[in-house]
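Only one structure is covered here, and it is reproduced in the block below.
2 protein chains.
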Amino acid sequence: MQLSKQNLQERQEQVYDAIVIGGGAGGLSAGIYLQRYLLSSLIIDKGKARSFWMQELHNYLGLPPDTPGKVLLHQGKEHYLSVNGDLLNGYVEQVVDEGDTFAVRVKVGRQNSVYPVFRSKYLIAASGIIDHLVPLDEMRNVFEYAGYNLHVCMVCDGYEMANKQCGFFAGSEASIEDMVFSLSWFTPYITVFTHGLFAVSDEMRQKLSAYGYRLVETPIQQFLGEHHQMTGVELVDGTVVQLETGLIGMGSQYHNTYLKGIELEMKGENLVTDKMCRTSHPRIFAIGDLKVGLNQVAIAVGDGALAATQIWRDIRRAAGPRPWEENISLPV
Amino acid sequence: MQLSKQNLQERQEQVYDAIVIGGGAGGLSAGIYLQRYLLSSLIIDKGKARSFWMQELHNYLGLPPDTPGKVLLHQGKEHYLSVNGDLLNGYVEQVVDEGDTFAVRVKVGRQNSVYPVFRSKYLIAASGIIDHLVPLDEMRNVFEYAGYNLHVCMVCDGYEMANKQCGFFAGSEASIEDMVFSLSWFTPYITVFTHGLFAVSDEMRQKLSAYGYRLVETPIQQFLGEHHQMTGVELVDGTVVQLETGLIGMGSQYHNTYLKGIELEMKGENLVTDKMCRTSHPRIFAIGDLKVGLNQVAIAVGDGALAATQIWRDIRRAAGPRPWEENISLPV
């Protein structure tokens, strides 16, 4: 059920089989699988998963390619609640490994906040990432276009950028190296914007120039366009650069600070996992964008199935087979 | 586009970037990703993927849990065709590795068959498995219930079997060992049917007996029930065993005979793959049920994204970045 400030008490007295941190595509898939394995689960969702911002999910099998990410998330929540999962809107502040259980401290409510602590045997970290956007004085202006024709994911939306005049909004020289030359598969008409945030080496200038890509280092005043269609940018010096599409590659914020007290194997900012999405801690799983791998809704959904299945196997094997005679009720 | 006998000729003169063998959930997901990476692809579908038989997909995020597998497949085909993929109904007879390309020989049409040969740089084996059903004189009788309350996948439908009187239809003693004791997590009220197909060891008899599970070795005459709800089985001696649900665990047929001429690393009947679903052959990928792993729609869909992405990376890296000046048309 959907939990609220009013009904948290009894849930704090039980030990869940698994707590899932994050109610995006991966977390919801994990929750549905857990409940269908007759395990008890709680999904804690801070809201606004990365897919929440996607105006159209172009590459997820089974949904028409103009389906908004919000629709997927809404359907997933309904599905999870229909199999009796517990769902709480809140922000996970800290996880403490108590040995057999985890204690998960949550901030609930922006005003008059309460701080319940929930316990579980297993933990699934599914809290994902959120993209850094171009830092402007008037941020609303970026949100006007982000998720429409100002993209954050080349794999998702390269197709939509094909052969268009494209702005690449870089956060570092490394992001130029990582993205621009791959982006040219979709379109070679690339203008790189640094927004004056970092210096560009001579070597990179020459490389960009060799392929004919343009470099703009003057900070951006605002994005131009209307009806969610970005048509270019205006720089602080008044210059206007016309564009048909854009890709923001300024890095991502990883929502995993609650794990900082627990030593886990990382690769860069990503959690390292095995084939079943288990981290280096035997009772912590990581799925979706937090782990090493491709950041795609389809991958996160499959990850949820894997992590939940491995948790079920662990718990089922520890419990042993159930004899016919023993007329016990099911775990949930 | 949907190909037919009438328009095969020109397609035989090109080299596709990838041919996908199998138009189930995995193959369609791969095809959508390939096309969206601006690669050329052909999906060859023999029809009736395993998910085609699923009356309700209970655990695939984004679709209501009563969605038939057919609806997912139909939506996926529309999606694939909308991004200009080629789709052919046919049966792949043989794949020959020609070095830089594969030659894929297809039987098209059950009557007046033609045998076109298509070529591609990469191959994605997505042809899956189909479950063996209980071999009865009147097979229609099994199909009456299979996919309704006579299940083939414990992971998918264990939830629907919870605490019900369940028949387990075994194909070998190994299948009893593999499945029955896990099945008891969902329901301990298990009757194992051998249909007289194999002998059961004393050790297994004792183990089943120790948990109170029943063993029926008399062959089955027919399944009983109405409106797709199986209510029990009638044995050849006239005995009726009442049941509320059933699980068929008689093994699967792997649709991979077309690969027999190519040496690939296997684990049992499954293809071994790396994290990106690449087999031991650098240009052959395997996704979904054919490969080692969990047989789930959500996994197959994610696999399709992985395989297509790796093929795109291979081809993109070999091609190098595209300069602005070069006003070439896109690969597709």
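Chains as they are written, first to last, in UniProt numbering: chain A, 1 to 332; chain B, 1 to 332.
For glycine and all other residues, C-beta sits at the position ideal for the given N, C-alpha and C.
Measure from the C-beta of Leu271(B) to each C-beta in chain A and report whether the shortest distance is under 9 Å. The beta-carbon of Leu271(B) is placed no less than 9 Å from the nearest beta-carbon of chain A.
Is it a yes or a no for the stretch 190-199 of chain A touching the stretch 216-232 of chain A, going by three-plus beta-carbon pairs under 8 Å? As far as the Cβ criterion goes, the stretch 190-199 of chain A touches the stretch 216-232 of chain A, which means the pair count is three or higher.
Measure the alpha-carbon distance for His227(A) versus Ala286(A) and round it to whole angstroms. If I take the Cα positions, the gap works out to 38 Å.
For the structure I just gave you, are there three or more beta carbon pairs, one from the stretch 70-88 of chain A and one from the stretch 96-103 of chain A, closer than 8 Å? Not touching, per the Cβ criterion.
Is there a C-beta anywhere in chain B that falls below 9 Å from the one on Val180(A)? Closer than 9 Å: yes.
Through-space distance from Thr187(B) to Pro331(A), alpha-carbon basis: Residue confidence is low: Pro331(A) scores 40 on pLDDT, short of 50, so the model does not pin down where it sits. No coordinate-derived value is stated.
So, is the C-beta of Ala319(A) closer than 9 Å to a C-beta in chain B? For Ala319(A), a Cβ of chain B is located within less than 9 Å of the residue's own Cβ.
Against chain B, does Gln2(A) count as a neighbour if the rule is that its beta carbon must be under 9 Å from one of theirs? For Gln2(A), the answer is no, since every Cβ of chain B falls outside 9 Å of its Cβ.
Who are the neighbours of Val200(A) on chain B, taking C-beta pairs under 7 Å? Within chain B, no residue comes near Val200(A); the closest Cβ sits about 17 Å away, beyond 7 Å.
Just to confirm, are Ser127(A) and Gly27(A) a CB contact at a threshold of 9 Å? Cβ atoms of Ser127(A) and Gly27(A): closer than 9 Å.
Who are the near neighbours of Glu177(B) in its chain, counting only those whose CB is closer than 8 Å to its CB and skipping five residues on each side? Counting only residues of its own chain and dropping the five nearest sequence neighbours on each side, Glu177(B) has a CB closer than 8 Å to the CB of Met204.
Thinking C-beta only, is Gln165(A) closer than 9 Å to Gln222(A)? Their beta carbons are not under 9 Å apart, which means Gln222(A) does not touch Gln165(A) by this criterion.
Residue ranges of each alpha helix (DSSP H) run of no fewer than 4 residues wholly in the stretch 181-234 of chain B, ordered along the chain? At a cut-off of 4 residues, the continuous stretches assigned as alpha helix (DSSP H) that sit fully inside the stretch 181-234 of chain B are 202-210.
In or out: Phe31(B) buried (at least 16 other Cβ within 10 Å) or exposed? Sequence check: residue 31(B) is Gly here, not Phe. By the neighbour-count definition (other C-beta atoms within 10 Å, threshold 16), Gly31(B) is a buried residue.
Taking the alpha carbon of Phe168(A) as the reference point, which residue from Ala174(A), Val180(A) and Ala162(A) has its own alpha carbon closest? Comparing alpha carbon positions, the residue from Ala174(A), Val180(A) and Ala162(A) closest to Phe168(A) is Val180(A).
Would you check if there are 3 or more beta carbon pairs closer than 8 Å linking the stretch 295-311 of chain A to the stretch 270-280 of chain A? Flag = yes, the stretch 295-311 of chain A and the stretch 270-280 of chain A touch.
Measuring only between beta-carbons, confirm whether Trp53(B) sits less than 9 Å from chain E. Included in the structure are the protein chains A and B, with no chain E among them.
Using a cut-off of 9 Å between C-beta atoms, extract the partners of Ile284(A) located in chain B. When 9 Å is used as the limit between beta carbons, Ile284(A) is near no residue of chain B, the shortest such separation being about 20 Å.
Evaluate contact between the stretch 6-16 of chain A and the stretch 259-273 of chain A, counting only Cβ atoms and requiring at least three cross-stretch pairs below 8 Å. No: fewer than three Cβ pairs fall under 8 Å.
Among the residues of its own chain, which have a CB less than 7 Å from the CB of Lys267(B), if the five just before and after it don't count? Contacts found: Val292.
Leaving out the 5 sequence neighbours to the left and right, which residues in its chain are closer than 6 Å to Val301(B) when beta-carbon positions are compared? The residues are Ala25 and Ser29.
Whole angstroms is fine: what's the gap from Asp45(B)'s alpha carbon to Tyr122(B)'s? Here the C-alpha atom of Asp45(B) lies approximately 17 Å from the C-alpha atom of Tyr122(B).
Would you say Ile176(A) faces chain B, with C-beta separation under 9 Å as the test? For Ile176(A), not one C-beta of chain B is nearer than 9 Å to its own C-beta.
Check whether chain B comes within 9 Å of Phe186(A), counting only Cβ atoms and requiring the distance to be less than that. Closer than 9 Å: yes.
Assuming Leu38(B) contacts Ala18(B) (C-beta within less than 8 Å), just tell me the rounded distance between them. Not quite, the Cβ-Cβ distance comes to about 12 Å (not below 8 Å), so this is no contact.
Between the alpha carbons of Tyr145(B) and Val15(B), how many angstroms are there, rounded? Looking at the backbone, the Cα of Tyr145(B) and that of Val15(B) are separated by about 44 Å.
For Gln12(A), name the three-state secondary structure that DSSP assigns. If DSSP states are grouped into helix, strand and coil, Gln12(A) belongs with the helices.
Let me see if you follow: with CB-CB separation under 9 Å, is Tyr213(A) close to chain B or not? At least one CB atom of chain B sits nearer than 9 Å to the CB of Tyr213(A).
Check whether chain A comes within 9 Å of His58(B), counting only Cβ atoms and requiring the distance to be less than that. So yes, His58(B) belongs to the interface.
Among the candidates His255(A), Gly90(A), Glu325(A) and Ser120(A), whose CA atom is the shortest distance from the CA of Val108(A)? Closest option to Val108(A), Cα to Cα, is Gly90(A).
Taking Cβ-Cβ distances shorter than 7 Å, what residues in chain A pair up with Thr309(B)? Those within 7 Å of Thr309(B) in chain A are Val155 and Leu294.
Buried or exposed, going by whether 16 or more other CB atoms sit within 10 Å of the CB of Ala49(B)? So Ala49(B) counts as buried.
Member of Gln55(A), Ile21(A), Pro65(A) and Tyr60(A) whose CA lies at the smallest distance from the CA of Val95(A): If we check each option's Cα against that of Val95(A), Ile21(A) comes out closest.
Who does Ala25(A) pair with in a DSSP beta bridge? Answer is none; Ala25(A) lacks a bridge partner.
Drop a sphere of 10 angstroms on the beta-carbon of Gly47(B), count the other beta-carbons inside from all chains shown, and report buried for 16 or more, exposed for fewer. Gly47(B) is exposed by the Cβ-count criterion.
Just reading off the beta strand (DSSP E) that Gln253(B) is part of, what are its end residues? Gln253(B) -> beta strand (DSSP E) spans Ser252 to Tyr254.
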